[in-house]
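Protein chains in written order, with the working numbering: chain R, 4 to 270; chain U, 12 to 361.
Beta carbons: idealized from backbone N, C-alpha and C, even for Gly.
Note that this is a predicted model, so its numbers are computed, not measured.
Here the structure comes first, spelled out in structure tokens, and everything after it is commentary.
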Ligand SMILES: Cc1cc2nc3c(=O)[nH]c(=O)nc-3n(C[C@H](O)[C@H](O)[C@H](O)COP(=O)(O)OP(=O)(O)OC[C@H]3O[C@@H](n4cnc5c(N)ncnc54)[C@H](O)[C@@H]3O)c2cc1C
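Structure representation (structure tokens):
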């Protein structure tokens, strides 16, 4: 029986192109191109690596505006079999709680699943909280911040990147995995799969399809609200020009200020 | 298991009292980022004259409970079992949420480490409340007892203040390395309630089968970081940087392309997709100063840029700008530091 894999992805504004409006101090997303969140590309690649070795069926699930179907098609062009876009005005303005709930409701509707993948976090929100939230709603275990994942003898083995080392974890499906940004090299789309993806198309599910109340999702269903946004003052720096011949003076100055320590090394 | 269920506003938020801090542990000790949570947790608890309660989940908790008391925690709540020896998300989240439902805290803080973030939103969902991720400024409105959770967004350019007014507890994860570790003192009062628990076998669904400790010194721990970019031109450039770093008691960092071409390991990468460092001194050698690199080092106390291009973007992020070839500047730095050390050595010995 094929492994049922779900990959949760998000379309985000290209972080290289995002600008902050100097007057309103809000994000000027209009100017930025929309791209597939980079860590999600790594999550998809981790799923595809499993599919390369074990018979698998990959479904992409994403919550977003109608145009986010582009990001889903891109994933299908790389080898995902099915794409579902959760789109509804009611979903807008969601914090991590209702985002997780909406995704979990969709996955529940899909039926059987073995492994759910997600990127470690998105570049536009950087919480890393949605994946674990989904696992909680579904009542399954999780392996987060993985830099490699393999499927072996019916188990998922993930190497987690922690602050002080690599933790190797084994879990039996169903399990949710989040994948570190940059942990693998995502493959390219193939022309053939791209054409297939366009033929297959992306399914659109609205709130109605999920069968949960409108008050539970989007802004209404969000326990947190943003009260204010302030520009973080960048430290002003002098950029004092120093020539190579003045380096001796610079070193003395830094040593004088205690920035660099001159303790004689213990022999 | 929570099931598909919404977040619910709390009926009587006034009944929710005290600040909870979840303590992460390693080999029988509380990790540094969790001690930082004791510091900020105590600070906000005192502002509203409430208690700081620390949550411990693990095995043999007594020494860690004692340590928590020394750092200023008023009460420790613990769930202890050999089955909890290793970090496992489901049982850890279960006991944290159980303590919440019993004790009704107003605020719940966790360090935003990987394990901390792994747990936080699961605990929030179990408690049907919200959580603000990766805060760098945390305060409390003393009258309303509302947590003011501030987090940087949009590549650290903006600070967003996020409130969770109607749900309890008000949860936040807080960025490691930002808040101060409080002073430890013996003889502080700390009530301890550590329970031997029998873990429901259905909660044990993963197993830690190995751990490889980091061999490399973590660049985020270093006081001085000497970083190199493509401007070094060759792999050997990093040996020169290594020499300078050694002379300064620092470590070597790198731009992403320098890692990508294989001159140095990815553990050294500074920036958006690498590590964020905040050393006392950051030296950027042959690095152009693109935004993705800058976010990883702009919080350094002092920045020295070495770049042969007079118009390099890095200049405006620097306190000192050495507009020259790295291979002229770095050996000179090494020479001058050795010279100064030599002088000092003479002073000591005479
Ligand atoms: C999604 C994304 C994430 C990214 N994440 C990161 C990240 O985490 N970290 C990161 O660093 N980058 C990251 N980047 C890449 C980033 O945009 C830049 O490309 C990168 O920082 C440039 O590296 P560099 O400064 O080493 O190289 P270059 O931009 O090529 O700069 C080399 C510099 O060296 C100078 N130079 C050349 N020869 C000499 C010499 N002999 N002496 C002195 N100076 C010399 C040149 O004047 C130039 O300024 C990311 C990019 C993307 C798209």
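Same chain only: Cβ atoms within 6 angstroms of residue 97 of chain U, ignoring 5 sequence neighbours per side: Residue 97 of chain U sits at position 86 when you count from the first residue of the second chain. Answer for residue 97 of chain U: 219, listed in chain order.
Reduced DSSP secondary structure (H/G/I, E/B, other) of residue 92 of chain R: Within the first chain, residue 92 of chain R is the residue found at index 89, counting from 1. Helix at residue 92 of chain R.
Distance, residue 279 of chain U Cα to residue 269 of chain R Cα: The count along the first chain starts at 1 and reaches residue 269 of chain R at position 266. The count along the second chain starts at 1 and reaches residue 279 of chain U at position 268. Unreliable positioning characterises residue 269 of chain R in this predicted model, as indicated by a pLDDT of 44, which lies under 50. A coordinate reading is not provided.
Near-chain U residues of the segment 235-246 of chain R (beta-carbon distance less than 8 angstroms), N- to C-terminal order: 235, 237, 238, 240, 241, 242, 243, 244, 245 and 246
Min CB distance residue 112 of chain R to chain U below 8 angstroms: Residue 112 of chain R sits at position 109 when you count from the first residue of the first chain. No, no contact with chain U.
C-alpha distance - residue 228 of chain R paired with residue 161 of chain U, whole-angstrom precision: In the first chain, residue 228 of chain R corresponds to position 225, counting from 1. In the second chain, residue 161 of chain U corresponds to position 150, counting from 1. One C-alpha to the other measures close to 12 angstroms.
Contact check, residue 47 of chain R vs residue 81 of chain R, beta carbons under 8 angstroms: Numbered from its first residue, the first chain carries residue 47 of chain R at position 44. Numbered from its first residue, the first chain carries residue 81 of chain R at position 78. Yes.
DSSP three-state assignment for residue 14 of chain R, whether helix, strand or coil: Position 11 of the first chain holds residue 14 of chain R. It is a strand residue.
Secondary structure of residue 132 of chain R, DSSP reduced to three states: The residue you call residue 132 of chain R lines up with position 129 of the first chain. Three-state result, residue 132 of chain R: coil.
Amino acids of chain R, ordered along the chain, whose beta-carbon sits closer than 8 angstroms to that of residue 222 of chain U: By one-based count along the second chain, residue 222 of chain U stands at place 211. 168, 169, 170 and 171, listed in chain order.
Nearest to residue 310 of chain U (by Cα), restricted to the options U:201, U:42 and U:292: Mapped onto the second chain, residue 310 of chain U falls at position 299. When each option's Cα is compared against that of residue 310 of chain U, the closest is U:292.
Own chain residues within Cβ distance below 6 angstroms of residue 170 of chain R, not counting five before or after: Locating residue 170 of chain R in the first chain gives position 167, where the first residue counts as 1. Excluding positions up to five away in sequence, the list reads 163.
Reduced DSSP category for residue 175 of chain U - H, G, I as helix; E, B as strand; rest coil: By one-based count along the second chain, residue 175 of chain U stands at place 164. Residue state, collapsed to three classes: coil.
Ligand 1 heavy atom lying under 7 angstroms from the CB of residue 211 of chain U: As a working note, residue 211 of chain U is residue 200 in the second chain. No - ligand 1 has no heavy atom lying nearer than 7 angstroms to the Cβ of residue 211 of chain U.
Neighbour list for residue 251 of chain R in chain U, Cβ cutoff strictly below 9 angstroms: Counted from its first residue, the first chain places residue 251 of chain R at position 248. Chain U residues near residue 251 of chain R: 343, 346, 347, 350 and 351.
Alpha helix (DSSP H) segment containing residue 123 of chain R, residue limits: What you label residue 123 of chain R is simply residue 120 of the first chain in a count that begins at 1. Unbroken run through residue 123 of chain R: none, as it is neither H nor E.
Whether residue 188 of chain R touches residue 159 of chain R by CB criterion (8 angstroms): To locate residue 188 of chain R, count along the first chain from 1; it is residue 185. To locate residue 159 of chain R, count along the first chain from 1; it is residue 156. Cβ atoms of residue 188 of chain R and residue 159 of chain R: not closer than 8 angstroms.
Residue 178 of chain U versus residue 107 of chain U: straight-line alpha-carbon distance, rounded: Against the second chain, residue 178 of chain U aligns to sequence position 167. Against the second chain, residue 107 of chain U aligns to sequence position 96. Answer to the nearest angstrom: the Cα atoms are 17 angstroms apart.
For residue 137 of chain U and residue 52 of chain U, the rounded distance between their alpha carbons: As a first step, residue 52 of chain U is located in the second chain; it is residue number 41 there, counting from the start. As a first step, residue 137 of chain U is located in the second chain; it is residue number 126 there, counting from the start. Between residue 52 of chain U and residue 137 of chain U, the C-alpha separation is close to 22 angstroms.
Residues from the segment 131-145 of chain U in contact with chain R, defined by Cβ distance under 9 angstroms: Only those residues of the segment 131-145 of chain U whose C-beta falls short of 9 angstroms from the nearest C-beta of chain R are listed: 131, 132, 133, 134, 135, 136, 137, 139, 140, 141, 142, 143, 144 and 145.
Contact belief for residue 222 of chain R with residue 121 of chain R at Cβ below 8 angstroms, rounded distance in angstroms: As a position in the first chain, residue 222 of chain R is number 219, starting the count at 1. As a position in the first chain, residue 121 of chain R is number 118, starting the count at 1. With 8 angstroms as the limit, residue 222 of chain R and residue 121 of chain R do not qualify as a contact, their Cβ atoms being about 22 angstroms apart.
Residues with C-beta closer than 5 angstroms to any heavy atom of ligand 1, in chain order: U:240, U:241, U:242, U:266, U:267, U:268, U:282, U:283, U:284, U:285, U:297, U:298, U:299, U:301, U:303, U:304, U:318, U:319, U:320, U:323, U:336 and U:337
Any chain R beta carbon closer than 8 angstroms to residue 17 of chain U: On the second chain, residue 17 of chain U is found 6 positions in, with the first residue counted as 1. Chain R, which has a Cβ nearer than 8 angstroms to the Cβ of residue 17 of chain U, makes this yes.
Proximal residues, the segment 240-256 of chain U versus chain R, C-beta separation under 7 angstroms: Along the segment 240-256 of chain U, none of the residues has a CB nearer than 7 angstroms to a CB of chain R.
Contact set between the segment 266-299 of chain U and chain R, restricted to residues whose Cβ is under 8 angstroms from the partner: 277, 283, 284, 291 and 292
At least three beta-carbon pairs within less than 8 angstroms, the segment 38-51 of chain U to the segment 68-75 of chain U: The answer is yes - the segment 68-75 of chain U touches the segment 38-51 of chain U, with three or more Cβ pairs under 8 angstroms.
Amino acids of chain U, ordered along the chain, whose beta-carbon sits closer than 8 angstroms to that of residue 36 of chain R: By 1-based counting over the first chain, the position of residue 36 of chain R is 33. The contacting residues do not exist; residue 36 of chain R stays about 16 angstroms from chain U at best.
Interface partners of residue 132 of chain R on chain U, CB under 7 angstroms: The residue given as residue 132 of chain R occupies position 129 in the first chain. Within 7 angstroms Cβ-Cβ: 128, 131, 132, 142 and 144.
Coil, strand or helix - residue 274 of chain U by DSSP: Within the second chain, numbered from 1, the residue matching residue 274 of chain U stands at position 263. In this structure, residue 274 of chain U counts as coil in the three-state DSSP scheme.
Interface flag, residue 308 of chain U vs chain R, CB-CB below 8 angstroms: Mapped onto the second chain, residue 308 of chain U falls at position 297. No, its Cβ sits nowhere closer than 8 angstroms to a Cβ of chain R.
C-beta neighbour in chain R for residue 172 of chain U, strict 8 angstroms: Walking along the second chain from the start, residue 172 of chain U turns up at place 161. It does: the Cβ of residue 172 of chain U has a partner Cβ on chain R nearer than 8 angstroms.
CB of residue 81 of chain U within 8 angstroms of CB of residue 199 of chain U, strictly: Against the second chain, residue 81 of chain U aligns to sequence position 70. Against the second chain, residue 199 of chain U aligns to sequence position 188. In this structure, the beta-carbon distance from residue 81 of chain U to residue 199 of chain U falls below 8 angstroms.
Three-state class that DSSP yields for residue 122 of chain U in the structure shown: Taking the first residue of the second chain as 1, we reach residue 122 of chain U at position 111. Residue state, collapsed to three classes: strand.
Any chain U beta carbon closer than 8 angstroms to residue 180 of chain R: To locate residue 180 of chain R, count along the first chain from 1; it is residue 177. No - not a single Cβ of chain U is within 8 angstroms of the one on residue 180 of chain R.
4-residue-minimum alpha helix (DSSP H) runs that sit fully inside the segment 225-263 of chain U, ordered along the chain: Whole alpha helix (DSSP H) segments, 4+ residues: 248-259.
Every unbroken beta strand (DSSP E) within the segment 184-225 of chain R, with a cutoff of 3 residues, ordered by chain: 206-208
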